[in-house]
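Listed in order, the protein sequences are those of chains A and B. Start counting the first sequence at 13; every next residue gets the next number (our numbering). Start counting the second sequence at 53; every next residue gets the next number (our numbering). Glycine residues also receive a C-beta, built at the ideal position from the N, C-alpha and C atoms. In this text the structure is predicted, and so the values were computed from the model without any measurement. Reading through the structure tokens given below for one structure.
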Amino acid sequence: MDPVAAKYIGAGIACIGMGGAGAGVGIIFGNYLAAALRNPSAAQGQFGNLIFGFAVTEALGIFSLLIALLLLFAL
Amino acid sequence: MADPIHQFEIHNIVTLGQIGGHEIAFTNSALFMAITVVGIWALLMGGSAARALVPGRLQSIAELSYEFVANTIESTAGKAGMKFFPLVFTLFMFILVANIIGLIPYTFTVTSHIIITAALALLVFVTVLVYGFYKNGLGFFRLFVPKGIPIYILPLIVFIEVLSFLSRPISHSVRLFANMLAGHITLKVFASFITLLGGLGIAGVAGATLPLAMVVALTALELLVAFLQAYVFAILTCIYLNDAIHPGH
Chain A
13 MDPVAAKYIG
23 AGIACIGMGG
33 AGAGVGIIFG
43 NYLAAALRNP
53 SAAQGQFGNL
63 IFGFAVTEAL
73 GIFSLLIALL
83 LLFAL
Chain B
53 MADPIHQFEI
63 HNIVTLGQIG
73 GHEIAFTNSA
83 LFMAITVVGI
93 WALLMGGSAA
103 RALVPGRLQS
113 IAELSYEFVA
123 NTIESTAGKA
133 GMKFFPLVFT
143 LFMFILVANI
153 IGLIPYTFTV
163 TSHIIITAAL
173 ALLVFVTVLV
183 YGFYKNGLGF
193 FRLFVPKGIP
203 IYILPLIVFI
213 EVLSFLSRPI
223 SHSVRLFANM
233 LAGHITLKVF
243 ASFITLLGGL
253 GIAGVAGATL
263 PLAMVVALTA
273 LELLVAFLQA
283 YVFAILTCIY
293 LNDAIHPGH
């Protein structure tokens, strides 16, 4: 296979990993919203935890995006 | 299509000379870092100049940002974390203002370069290490040994804890850098759709309104991301500092 074509295909495959991060971030915000509607007074105190969970989950998706960007522009 | 990476190019404005074969120059990156710092300085000095009992707009922004960061530190690292307020506030304001300045067309986004974010993340990492060992001595290693774990899986847990600790500066820096890079590339790609469609005649111009609306929506999203990533960077800094202040799980 042409190495350039293989590079682009690899970048596309690497982006699939971001789907998992998307599902994870959706679960986090969905559960936060569900819990916040049940007990609105406790929601404000958990905002830091929400952002922390979001950041840690998002990092994994960002790693796969980074691989795609490296394949496209750096390697 | 215009190269979407072109906006991240660093070029010299004033070349100062060479040290050990490396060029030392005042680049556009340095220029926008200076603009960021001057912007923050003007905001905070202007905000605290009047010291009115009922704050005006500028003073409100300065007070809000102070209270916001102070609350974040207290809720994640406790009262003992407040001695790190200058560090966290500086990081938060620098990243926030650099991100927002980067959203203005034809400017340079300082935080879209891994070298900048890696330097900031390593600063936090080294601060946590140095303060953790200074305050707790060798007791800082308790961070890697959670309580109440059965002895036969403890080696595995310690290995995972050490690995996750060491990967912190990587995820800390790459998150900010990749968010800014990906956001600006997306904006540029959608903006180039407008010019491509606009070149197709009257039907193309009608179709070009779709990506134009998308660019406006994306810019709004990027404004949210600019704030959110600065906040995420600050809150992760607080959480890591909390590990140095209270190492036991």
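| message | For residue 87/A and residue 61/A, I'd like the C-alpha separation in whole angstroms. | response | About 37 Å.
Mind reading off the beta-carbon distance from residue 174/B to residue 221/B? Whole number of angstroms is fine, and I expect it under 8 Å.
Correct: roughly 5 Å between the Cβ atoms.
Q) Three or more C-beta pairs closer than 8 Å, one from the region 157-174 of chain B and one from the region 226-237 of chain B: is that the case here? A) The region 157-174 of chain B makes contact with the region 226-237 of chain B; the number of CB pairs closer than 8 Å reaches 3 or more.
- Message: So if DSSP puts residue 79/B in a beta bridge, which residue, or which two residues, is it bridged to?
- Response: According to DSSP, residue 79/B bridges with 64/B.
Exercise for the section: Compare the beta carbon distance of residue 83/B and residue 98/B with 8 Å and say whether it is the shorter of the two. Expected result: Not closer than 8 Å, so no.
*Going by other Cβ atoms of all chains shown within 10 Å of its Cβ, with 16 needed for buried, is residue 300/B buried or exposed?*
Counting every other CB atom within 10 Å of its CB across the protein chains shown gives residue 300/B a total below 16, marking it as exposed.
*Select from the region 71-83 of chain A all residues with a C-beta closer than 8 Å to any C-beta belonging to chain B, and list them in chain order.*
Residues 71, 74, 75, 77, 78, 81.
- prompt: CA-CA distance, residue 138/B and residue 144/B?
  reply: If you draw a straight line from the Cα of residue 138/B to the Cα of residue 144/B, it is about 10 Å long.
Residue range of the alpha helix (DSSP H) that residue 163/B falls in? It is not in any alpha helix (DSSP H) - residue 163/B carries neither H nor E in the DSSP assignment.
### Query
Is the CB of residue 292/B under 8 Å away from at least one CB in chain A?
Interface with chain A (8 Å Cβ-Cβ cutoff): residue 292/B is excluded.
Q. Residue 184/B: buried (16+ other C-beta within 10 angstroms of its C-beta) or exposed?
A. Buried is the call here.
Exercise for the section: Pair every Cβ in the region 288-295 of chain B with every Cβ in the region 261-270 of chain B, then say whether three or more of these pairs are closer than 8 Å. Expected result: No, the region 288-295 of chain B does not touch the region 261-270 of chain B.
Review point. Quick one: what's got a C-beta closer than 6 Å to residue 36/A's C-beta in the same chain, skipping five residues either side?
Key: Excluding residues within five positions, the ones whose Cβ falls inside 6 Å are 69.
Q) Between residue 27/A and residue 80/A, what straight-line distance do the alpha-carbon atoms span, to the nearest angstrom? A) Cα to Cα, residue 27/A sits roughly 6 Å from residue 80/A.
Could you work out which residues of chain B lie near residue 60/A, taking near to mean beta carbons separated by less than 8 Å? Residues of chain B passing the Cβ test: 124, 127, 128, 287.
- Task: Output yes if chain A places a C-beta closer than 8 Å to the C-beta of residue 101/B; else output no.
- Result: Chain A contact via Cβ: absent.
_Residue range of the unbroken alpha helix (DSSP H) whose run includes residue 149/B_ = For residue 149/B, the uninterrupted alpha helix (DSSP H) run begins and ends at 137-155, by DSSP.
Status (buried if at least 16 other CB within 10 Å, exposed otherwise) for residue 186/B:
The residue is exposed, with fewer than 16 neighbouring Cβ atoms inside 10 Å.
Residue burial classification, residue 283/B (beta-carbon count within 10 angstroms, cutoff 16): Buried, because 16 or more other Cβ atoms sit within 10 Å of the Cβ of residue 283/B.
- Can you check whether the CB of residue 217/B is closer than 8 Å to the CB of residue 169/B? At a Cβ-Cβ threshold of 8 Å, residue 169/B and residue 217/B do not count as neighbours.
Whole-Å CB distance - residue 153/B paired with residue 88/B, under 8 Å assumed:
With a Cβ gap of about 6 Å, residue 153/B and residue 88/B count as contacting.
Review point. What three-state label does DSSP hand residue 69/B in the structure shown?
Key: Shown here, residue 69/B sits in a strand according to DSSP, grouped into three states.
Please state the DSSP three-state secondary structure of residue 298/B.
It is coil, neither helix nor strand.
Are the CB atoms of residue 288/B and residue 67/A within a distance shorter than 8 Å? Contact flag set, yes.
* To do: For the alpha helix (DSSP H) holding residue 111/B, just list the boundary residues, first then last.
  => Run containing residue 111/B: 109-129, per the alpha helix (DSSP H) assignment.
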